[in-house]
Amino acid sequence: MLAFVFQNLAVRKPHLDAGVYAYAKAGFGEYLGFFSAFGYWASACVGNVTYWVLIMSTAGALVPALGDGGTPAAFVASTVGLWVFFWLVRRGVRTATSVNRVVTIAKVVPIVVFVLLCAFALDVDVLVANLRGIDSAGSLFEQVRGTMLVTVFVFLGVEGASVYSRHARRRQDVGRATVLGFLSVFAVFASVTIVSYGILPMSELAGLPQPSMAGVLEAAVGGWGRAFVSVGLVVSVLGAYLAWTLMAAEVLFVAATDRDMPRFLTGVNAADVPVHALLMTAVLAQVFLVVTLFSESAFDFALNLTSSLALVPYLLAAAYGLKLVLTRDSYPAGSPTVRRDLVVGALATVYTAFLLYAAGPTYLLVSFVVYAPATILFVMARREQGRRLFSAREVVILVVSLAGAVVGVVALVAGWIHL
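Heads up: the sequence shown at position 114 corresponds to 449 in my numbering, and the numbers run straight through without jumps.
Okay, structure coming up:
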C-alpha cells in the first residue's frame with residue numbers, strides 16, 4: 336500500500352521532487368518536511384553503517400579480529416572503506432553509477448543460484464514443520480510485530496524513484512519504477528525466505544550467524560556454498576552502499592535547493608557532485624560507526640535504528656496521500672479512483688503508524704536523540720532567509736522533539752534502554 340501511495344503521489348503531484356521529503360512538506364508544513372528530509376537522510380546514513388557491519392561480519396569468518404562487525408578492527412576497516420567510497424563518489428556521479436550498474440548485475444546472480452540450489456535441496460518435511468511454527472516463537476501477532484523493522488529495512492529504497500523524480504523524463508515512470516521496485520524486492524525476499532525454510536529447522540535458522548544465507552547454502556550443498564554466498568554478499572552490499580550514498584546526498588542537496596536546509600549544502604564540485612552534502616553523509620555514518628563499538632549487537636542496532644528513523648518520513652508521506660483523497664486535492668469531480676486511493680492511503684497510514692508501535696520505545700527514543708539536534712540546521716536556514724525561526728505550531732513540534740530527546744538521553748544514561 337505504501338508503494339501504491341508513492342506511485343499515486345508521483346502522478347498527482349508531479350511538481351514535487353525528492354519524494355518523501357517533498358510530500359511531508361507539502362502536506363504538513365516546512366518544519367515536519369525538514370524533519371522528514373533529515374530523518375530519511377539519517378536513515379540512509381545508518382543503513383550504510385549496517386552494510387559495513389555486515390561486510391565485516393562476513394569477512395570475520397576469515398579474519399577472526401573482525402568478529403561480528405562491531406570490533407575495533409572492524410571499525411578501522413569500515414572507516415577506511417567509508418572514506419574510499421566518499422572519494423569515489425566525489426569524483427563524479429557518472430563514475431559511481433557506472434560501477435553500480437555492473438554491481439547490480441553481479442549481485443543478482445548469487446541470489447538466483449542460491450534460490451535454485453536450495454529449491455533442489457528442499458526438504459518438504461522440514462518446510463511443513465517450519466510453517467507450523469514452534470511454541471518459542473510466540474503468537475502470530477508477536478511474530479509479525481517482531482519482524483516489522485526487519486521488513487521495513489528490506490524494503491527501504493522502493494521509494495527511491497521518488498527521490499530522484501527531478502531526473503525523470505515522464506512522471507508516470509516514477510510511479511511505475513516504484514511498483515516494479517517493490518515487486519522485484521518482494522520476489523527476492525519471499526523466494527530466499529521460503530526456500531531457506533525447507534533446508535533447516537526454524538530453531539537452527541534462528542541461531543545462524545550473519546550472513547545467514549551463507550549458513551543455509553552451506554547446509555544445502557556444503558562448505559563452498561558459504562564462500563559463494565559470502566563473496567556475492569560483499570559485492571551486493573558494496574553496490575547498495577554506493578546507491579544509498581548517492582541517494583542520501585541527493586536528499587540533502589534538494590532540501591537545501593528548496594531553502595529548507597542551509598545554503599552551504601547546495602555546493603557542488605567540478606564533477607557536479609553535491610560535495611558538501613556528500614561530506615555530511617560520510618561524517619554522520621562515521622559517527623554511527625563509533626556508536627556500534629558500544630552496542631551489544633552492532634548489526635541489530637544499526638538495522639533497527641535505520642528502520643526507525645525512516646518511520647516518520649514514511650508516515651508523513653502515507654498521511655499526505657490520505658489527505659489528498661479526503662480533501663479531493665488534485666481529484667476532479669467524479670474521479671473513478673477516489674475510493675481505491677482512499678483505501679490505499681488509509682491502509683498505508685495505519686501500517687506506518689503501527690510500525691511506530693512495533694519499533695518499541697528503545698529505537699523511538701534513540702531516534703528522538705538523533706532528530707532533535709537537527710533543528711540547528713533548520714534554524715540556520717531560517718536565519719539565512721531572515722525569517723522568523725518558528726511559528727506557534729512549529730514551537731509545539733520543537734518542544735515534543737526536545738522532550739523525546741531528553742527522555743532518550745536520560746534513559747541511555749540511566750541504563751533503562753540499551754543499544
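From the three backbone atoms N, C-alpha and C, an ideal C-beta is built for every residue, glycine too.
Point to revise | Minimum C-alpha distance to residue 366 - residue among 719, 753 and 714 | key: By 1-based counting over the sequence shown, the position of residue 366 is 31. When each option's Cα is compared against that of residue 366, the closest is 714.
Tell me whether residue 763 sits in a helix, a strand or coil according to DSSP, three-state version.
-> Because the chain spans 336 through 754 in this model, residue 763 falls outside it and cannot be assessed.
With distance defined between alpha-carbon atoms, name the residue in 379, 616 and 405 nearest to residue 489. Stepping through the sequence shown from its first residue, residue 489 is reached at position 154. The residue among 379, 616 and 405 with its C-alpha nearest the C-alpha of residue 489 is 379.
How is residue 530 classed by DSSP in three states: helix, strand or coil?
What you label residue 530 is simply residue 195 of the sequence shown in a count that begins at 1. DSSP places residue 530 in helix when its eight states are reduced to three.
How far does the alpha helix (DSSP H) with residue 476 in it extend, from its first residue to its last? Locating residue 476 in the sequence shown gives position 141, where the first residue counts as 1. Run containing residue 476: 475–490, per the alpha helix (DSSP H) assignment.
Using three-state DSSP, classify residue 579 as helix, strand or coil. Looking up residue 579 in the sequence shown gives position 244. For residue 579, the secondary structure class from DSSP, reduced to helix, strand or coil, is helix.
* Asked: Where does residue 522 land, buried or exposed, given buried means 16+ other C-beta within 10 angstroms?
  -> Locating residue 522 in the sequence shown gives position 187, where the first residue counts as 1. With fewer than 16 other Cβ atoms inside 10 Å of its own Cβ, residue 522 counts as exposed.
Would you call the region 522–536 and the region 450–468 touching, i.e. three or more CB-CB distances under 8 Å? Yes, the region 522–536 touches the region 450–468.
How many whole angstroms separate the CB atoms of residue 738 and residue 374, which I take to be in contact at a CB cut-off of 8 Å? Translated into the one-based positions of the sequence shown, residue 738 becomes position 403. Translated into the one-based positions of the sequence shown, residue 374 becomes position 39. With 8 Å as the limit, residue 738 and residue 374 do not qualify as a contact, their Cβ atoms being about 17 Å apart.
Query - residue 686 to residue 591 span [Cα, whole Å] - result: Residue mapping note: residue 686 aligns to position 351 of the sequence shown, counting from 1. Residue mapping note: residue 591 aligns to position 256 of the sequence shown, counting from 1. When rounded, the distance between both Cα atoms is 30 Å.
Could you check if residue 753 is buried or exposed, using at least 16 other CB atoms within 10 Å of its CB as the buried criterion?
Position 418 of the sequence shown, counted from the start, is the residue given in the question as residue 753. Exposed, by the Cβ-count rule.
Check whether the region 614–634 and the region 384–404 touch, using three or more Cβ-Cβ pairs below 8 Å as the test. The region 614–634 makes contact with the region 384–404; the number of CB pairs closer than 8 Å reaches 3 or more.
Exercise. Are the beta-carbon atoms of residue 564 and residue 573 separated by less than 8 Å?
Worked result: Looking up residue 564 in the sequence shown gives position 229. Looking up residue 573 in the sequence shown gives position 238. No, these two residues do not count as a Cβ contact at 8 Å.
Length of the line joining the Cα atoms of residue 704 and residue 338 | Here residue 704 corresponds to residue number 369 of the sequence shown, with the count starting at 1. Here residue 338 corresponds to residue number 3 of the sequence shown, with the count starting at 1. The straight-line gap from Cα to Cα measures roughly 28 Å.
Next on the checklist: Here's the rule I'm using: 16 or more other beta-carbon atoms within 10 Å means buried, otherwise exposed. How should residue 341 be labelled?
Outcome noted: Residue 341 sits at position 6 when you count from the first residue of the sequence shown. With 16 or more other Cβ atoms inside 10 Å of its own Cβ, residue 341 counts as buried.
Would the beta-carbon of residue 640 fall within 8 Å of that of residue 483?
The count along the sequence shown starts at 1 and reaches residue 640 at position 305. The count along the sequence shown starts at 1 and reaches residue 483 at position 148. No, the Cβ-Cβ distance between residue 640 and residue 483 is not below 8 Å.
Assuming residue 554 and residue 452 form a contact by the criterion Cβ under 8 Å, report the distance between their Cβ atoms to the nearest whole angstrom.
In the sequence shown, counting from the first residue as 1, residue 554 sits at position 219. In the sequence shown, counting from the first residue as 1, residue 452 sits at position 117. Contact flag wrong, Cβ pair sits at about 11 Å.
*Thinking C-alpha only, which one of 726, 662 and 701 is nearest residue 741?*
Taking the sequence shown and counting its residues from 1, one reaches residue 741 at position 406. Taking only the C-alpha atoms, the option nearest residue 741 is 701.
(request) Along the alpha helix (DSSP H) that carries residue 611, what are the first and last residues, could you check? (result) Translated into the one-based positions of the sequence shown, residue 611 becomes position 276. Unbroken alpha helix (DSSP H) run through residue 611: 610–627.
- In terms of alpha-carbon separation, which member of 667, 414 and 654 lies closest to residue 360? Here the question's residue 360 lines up with position 25 in the sequence shown. Distances from the alpha-carbon of residue 360 to those of 667, 414 and 654 put 654 closest.
### Message
Do residue 638 and residue 520 have their beta-carbon atoms positioned less than 8 Å apart in this structure?
### Response
One-based indexing of the sequence shown puts residue 520 at position 185. One-based indexing of the sequence shown puts residue 638 at position 303. No; because the gap between Cβ atoms is not below 8 Å, this pair is not in contact.
>> Suppose you measure from the CA of residue 693 to the CA of residue 606; what does that come to, to the nearest Å?
In response: Indexing the sequence shown from 1 puts residue 693 at position 358. Indexing the sequence shown from 1 puts residue 606 at position 271. In this model, residue 693 and residue 606 are separated by some 43 Å (Cα to Cα).
* To do: Enumerate in chain order the residues of its own chain whose CB-to-CB distance from residue 492 is below 6 Å, with the five nearest sequence positions on each side excluded.
  => Stepping through the sequence shown from its first residue, residue 492 is reached at position 157. Excluding sequence positions up to five before and after residue 492, its CB lies less than 6 Å from no other CB in the same chain.
What's the call for residue 585, buried or exposed, on a 16-neighbour Cβ count within 10 Å? Your numbering for residue 585 matches position 250 in the sequence shown. Classification for residue 585: buried.
Output needed for residue 632: all residues of its chain with C-beta closer than 8 Å, excluding positions within five of it in sequence on either side, in chain order.
Position 297 of the sequence shown holds residue 632. For residue 632, same chain residues with a beta-carbon under 8 Å away, outside a window of 5 residues either side, are 403 and 405 in chain order.
Exercise. Look at the Cβ atom of residue 665, then the Cβ atom of residue 347, and state whether they are nearer than 8 Å.
Key: For the purposes of this step, residue 665 is identified with residue 330 of the sequence shown, where counting begins at 1. For the purposes of this step, residue 347 is identified with residue 12 of the sequence shown, where counting begins at 1. Yes; because the gap between Cβ atoms is below 8 Å, this pair is in contact.
Open item on the list: DSSP three-state label for residue 391, please.
Closed with: As a working note, residue 391 is residue 56 in the sequence shown. Note: residue 391 maps to helix in three-state DSSP.
Residue 425 vs residue 613 beta-carbon contact at 8 Å:
Your numbering for residue 425 matches position 90 in the sequence shown. Your numbering for residue 613 matches position 278 in the sequence shown. Yes, Cβ-Cβ distance for residue 425 and residue 613 is below 8 Å.
Legend entry - Cβ-based burial, residue 362 [other Cβ within 10 Å; buried from 16]: Position 27 of the sequence shown, counting from 1, holds the residue named residue 362. Of the residues assessed, residue 362 falls on the buried side of the cut-off, its CB having 16 or more other CB atoms within 10 angstroms.
query: Pick from 598, 722 and 587: whose alpha carbon is nearest that of residue 617?
result: Walking along the sequence shown from the start, residue 617 turns up at place 282. Nearest of 598, 722 and 587 to residue 617, Cα basis: 587.
Exercise. Near residue 709, which residues of its chain fall below 6 Å by C-beta distance, leaving aside the five closest residues on each side in sequence?
Worked result: Reading the sequence shown from its first residue, position 374 is the one you call residue 709. Non-local C-beta neighbours of residue 709 in its own chain, meaning closer than 6 Å and more than five positions away in sequence, comprise 373, ordered along the chain.
Count the other CB atoms within 10 Å of the CB of residue 513; is the residue buried (16 or more) or exposed (fewer)?
By 1-based counting over the sequence shown, the position of residue 513 is 178. Its Cβ being crowded by 16 or more others within 10 Å, residue 513 is buried.
**OP:** Would you kindly check if the distance between the Cβ of residue 682 and the Cβ of residue 660 is under 8 Å?
**Re:** If you number the sequence shown from 1, residue 660 lands on position 325. If you number the sequence shown from 1, residue 682 lands on position 347. The criterion of a C-beta distance shorter than 8 Å is not satisfied by residue 660 and residue 682.
Tell me whether the beta-carbon of residue 698 lies closer than 8 Å to the beta-carbon of residue 370.
-> Position 363 of the sequence shown, counted from the start, is the residue given in the question as residue 698. Position 35 of the sequence shown, counted from the start, is the residue given in the question as residue 370. No, the pair does not count as a contact, with Cβ atoms beyond the cut-off.
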